[in-house]
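Visitor: Can you read through this structure? Questions will come right after.
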Amino acid sequence: DRSRDNIREREQSLALELRNFQPGHVGRVYTPFLRDQSYMGYEALELWLNSTLPEESRAEFFLRLCKDATIDTTDYYEYRVAVPRIVEPGRRSGSWLPIKIALTDLSDLKAHLAADADTVSRSLPGGGRISIKGKPYLTKVRRITFGVVNQGAAPIENASVWVNELRLTHVIKDMDLAYRLQARVDLADIGHVDFNFKRVGSDFVSISGGGFRQAREEQTSYALSASGIPLERFLPRGTGLRLPFAYQLSRDRRVPKYRTNDDLLVGDRPTDRDITETVNRSYSLSLSRQASNRRLLRYTIDNLSLSGSLRHSHANSPFAKDSTVTRTGSANLALPFGAGGGIQLYRNWKVRLLPTAFSLGLTRSEKDQVRYRRAGGDLRQPFTLDDQRTIRSGGLSLAAGLQPISIVTYNFRQSRDLMLRSRSAWLGGLNTGRETSRTEDLSVSQQVRVVPRWFEPRLSWRGSFRGTFNQQGGVTQGGLDRFHDLTNNRTATMSFDVPLAALIDRLSQWGAAGPGGGG
65 DRSRDNIRER EQSLALELRN FQPGHVGRVY TPFLRDQSYM GYEALELWLN STLPEESRAE
125 FFLRLCKDAT IDTTDYYEYR VAVPRIVEPG RRSGSWLPIK IALTDLSDLK AHLAADADTV
185 SRSLPGGGRI SIKGKPYLTK VRRITFGVVN QGAAPIENAS VWVNELRLTH VIKDMDLAYR
245 LQARVDLADI GHVDFNFKRV GSDFVSISGG GFRQAREEQT SYALSASGIP LERFLPRGTG
305 LRLPFAYQLS RDRRVPKYRT NDDLLVGDRP TDRDITETVN RSYSLSLSRQ ASNRRLLRYT
365 IDNLSLSGSL RHSHANSPFA KDSTVTRTGS ANLALPFGAG GGIQLYRNWK VRLLPTAFSL
425 GLTRSEKDQV RYRRAGGDLR QPFTLDDQRT IRSGGLSLAA GLQPISIVTY NFRQSRDLML
485 RSRSAWLGGL NTGRETSRTE DLSVSQQVRV VPRWFEPRLS WRGSFRGTFN QQGGVTQGGL
545 DRFHDLTNNR TATMSFDVPL AALIDRLSQW GAAGPGGGG
């Protein structure tokens, strides 16, 4: 282009050569794409068309935007127009025909497609004709096909059809906003409340590491959290109770700019075939007592804590609806005996008859699940019940710490599943379930004074056991297969310090006491 400082312009053209082209015959060329191509960011598809077709011949040119990369006879948009012919004697070709296909004209065909129909077409001003077959999408173009059809009664002996400058034009420059709000309110001696709000418009464009990214969906989300609310302040004084309460609510709603699996605009009235929404709501409450001066209460009720929670979760999408209600309760008893007391044996060695710590926990949970689906994933079908169940679980945990003598420490932790009734253990007529995990740690540490101040090595040994039991595996003919995973470790170390300062001082003293050291 000499008018622009000799800048080379990229010109794309295609020639379809017709030789002995028989009546009714179709010739095609195509290009497939490895990934989905979206043309929704443009207003039109344009090209130039010309040929050397003689005036007595009749042929049609067609362009198809296909959903499938391997075939162009199903699920496509099509544009057809008569191929320009030589109508003036002495010309080598016809006149160049500018073609402009409005992409909205293609997608609007779906609004005229009957529920039981597979194709629909419409004539355009200027002689062109557009049609649709199956379910193509302008957001998922995987193949472009050019073709020529001989509509005449005689064969075309020798002619060329030229396609120049196929291009997407008129970029849609819609603008939109995105904003967020965060707030936190601290209430003296009451608790605090956090609130977050976020909205992103469907045409908002963000800049990321890979370039520009358009949202293509309207997102509205918010979250409300109130925690640390001491309900005991609303009770009579002197109860000594602690009742912290927490509440959480979150919602995320997404409405696409275009209908699900379609390229029609959703508009201002989206339906359940377009909206994706999740709503979570939870309540939790704990109960415990403040430490009292009474010895009996200090080692019993004061160490007992109760907690409960209720959670509602709802998830809706164009193809599914899920609802879950979870109820959980737990009780925990922790007795901190401490490291005091014991019987003195020898110097720093003591015998302790009581554990250093002991805790017992019990949990119970119930989850109600309801799931709806559309038959065959067809958006035209109503939601039907797919699954409904209640899942119950229960667990028992036990932890203890022992230090029988000062140099020996032993810690134990165990978890049990109360729902595993087969071959479960019983204690005093109570079902204690089956063991699911256990951890044991034994350590011995002692410093030996071989040479006081000069060589006092620290010797230590540690052994540990980690085990998981009754883990769910595959399914065999006998039912559910379960397995165990066990690990043992042992470590022995010895370390000591070299008193360099004392050693240097001693060497200096020896040097001063040597020959001639007296002055």
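Once you know that position 283 of the sequence shown is 347 in this note's numbering, the rest is easy, because the numbers rise by one and skip nothing. In this text, a Cβ means the ideal position worked out from N, Cα and C, and glycines have one as well.
1) Alpha helix (DSSP H) containing residue 565: first to last residue?
2) Within its chain, find whatever has a CB closer than 6 Å to the CB of residue 239; leave out the 5 residues flanking it on each side and keep chain order.
3) Report the CB separation of residue 226 from residue 439 in whole angstroms; it is logged as a contact under 8 Å.
4) What residue from 243, 195 and 408 has the CA that sits closest to residue 265's CA?
5) Nearest CA to the CA of residue 500: which residue from 475, 381, 458 and 520?
6) Work out the CA separation of residue 254 and residue 283 for me, nearest whole Å.
7) Between the alpha carbons of residue 338 and residue 381, how many angstroms are there, rounded?
8) Starting from residue 114, follow its DSSP beta bridges and name the residues at the other end.
9) Would you mind sorting residue 167 into buried or exposed? The rule is 16 or more other CB atoms within 10 Å of its CB.
10) Which residue from 435, 117 and 307 puts its Cα closest to that of residue 150?
11) Which one or two residues does DSSP pair with residue 134 in a beta bridge?
12) Per the DSSP calculation, residue 483 is bridged to which residue(s)?
13) Which residue wins for smallest C-alpha separation from residue 495, given the options 301, 357, 466 and 481?
14) How long is the line joining the alpha carbons of residue 350 and residue 293, rounded to whole angstroms?
15) For residue 199, name the three-state secondary structure that DSSP assigns.
16) Contact check, residue 129 vs residue 200 under 8 Å by CB: the rounded distance?
17) For residue 414, which residues from the same chain have a beta carbon less than 7 Å from its beta carbon, with the 5 sequence-adjacent residues on both sides left out?
18) Starting from residue 496 and walking both ways along the beta strand (DSSP E), at which residues does that stretch end?
19) Throw me the rounded Cβ distance for the residue 387 and residue 347 pair, which I believe falls under 8 Å.
20) For the region 234 to 268, list the beta strand (DSSP E) runs that are entirely contained and at least 3 residues long, ordered along the chain.
21) For the ligand ATP, any of its heavy atoms closer than 7 Å to the Cβ of residue 416?
22) Residue 197 and residue 180: beta carbons closer than 8 Å?
23) Within this structure, are the beta carbons of residue 115 and residue 158 separated by less than 8 Å?
24) Just how far apart, CA to CA, sit residue 214 and residue 83?
25) Using the Cβ count rule (16 or more neighbours within 10 Å means buried), how would you classify residue 363?
26) Which same chain residues, not among the five before or five after residue 508, have their C-beta less than 6 Å away from its C-beta?
27) DSSP state of residue 392, grouped into three classes?
28) Mapping the DSSP letters down to three states, classify residue 407 as helix, strand or coil.
29) Tell me whether the beta-carbon of residue 306 lies closer than 8 Å to the beta-carbon of residue 246.
30) Name the DSSP beta bridge partners of residue 220, please?
31) With a Cβ-Cβ cutoff of 8 Å, do residue 165 and residue 109 count as a contact?
32) Hey, how far is the Cα of residue 67 from the Cα of residue 135?
33) Output the distance between the C-alpha atoms of residue 479 and residue 532, rounded to the nearest integer angstrom.
34) Could you check how far apart the C-beta atoms of residue 161 and residue 230 are, in whole angstroms? I think they sit under 8 Å.
35) Going by C-alpha to C-alpha distance, which of 97, 344, 368 and 359 sits closest to residue 352?
36) For the beta strand (DSSP E) that residue 187 lies in, which residues bound it at each end?
Guide: Let's see:
1) 564 to 576 is the extent of the alpha helix (DSSP H) around residue 565.
2) For residue 239, where only same-chain residues beyond five positions count, there are no Cβ hits under 6 Å.
3) About 50 Å separates the two Cβ atoms, so there is no contact after all.
4) Per the Cα distances, 243.
5) If you compare the alpha carbons of 475, 381, 458 and 520 with that of residue 500, the shortest gap goes to 458.
6) Taking the straight line joining both Cα atoms gives about 33 Å.
7) The alpha-carbon atoms of residue 338 and residue 381 are separated by roughly 8 Å.
8) Here residue 114 is bridged, per DSSP, to 226.
9) With 16 or more Cβ atoms within 10 Å of its Cβ, residue 167 is classed as buried.
10) Nearest of 435, 117 and 307 to residue 150, Cα basis: 117.
11) Residue 134 is not bridged to any residue.
12) Residue pairing by DSSP places residue 483 opposite no residue, since no beta bridge is assigned to it.
13) Nearest C-alpha to residue 495: 481.
14) Between residue 350 and residue 293, the alpha-carbon positions lie close to 11 Å from each other.
15) Coil.
16) That belief holds up - the Cβ atoms of residue 129 and residue 200 are roughly 6 Å apart, short of 8 Å.
17) Excluding residues within five positions, the ones whose Cβ falls inside 7 Å are 406, 407, 408, 469 and 470.
18) Note, residue 496: beta strand (DSSP E), 494 to 511.
19) Rounded to the nearest angstrom, the Cβ distance from residue 387 to residue 347 is 17 Å, too far for a contact under 8 Å.
20) Within the region 234 to 268, the complete beta strand (DSSP E) segments at least 3 residues long are 242 to 251 and 255 to 264, listed from N- to C-terminus.
21) The ligand content of the structure shown is nil, which means the ligand ATP is not present either.
22) No. Outside cutoff.
23) In this structure, residue 158 lies closer than 8 Å to residue 115 by Cβ.
24) Whole-angstrom Cα-Cα distance: 12 Å.
25) Burial call: exposed.
26) Answer for residue 508: 471, 472 and 525, listed in chain order.
27) Looking at residue 392 - three-state DSSP - the assignment turns out to be strand.
28) Correct three-state label for residue 407: strand.
29) For the pair residue 306 and residue 246, the CB atoms are not nearer than the 8 Å cut-off.
30) Its beta-bridge partners are 85.
31) The beta carbons of residue 165 and residue 109 sit closer together than 8 Å.
32) Model confidence at residue 67 stands at a pLDDT of 46, short of 50, so the residue's coordinates are unreliable and nothing is read from them.
33) Rounded to the nearest whole angstrom, the C-alpha separation of residue 479 and residue 532 is 9 Å.
34) For residue 161 against residue 230, the beta-carbon gap comes to about 13 Å, at or over 8 Å, which does not count as contact.
35) Among 97, 344, 368 and 359, the Cα nearest to that of residue 352 belongs to 368.
36) Boundaries of the beta strand (DSSP E) around residue 187: 183 to 187.
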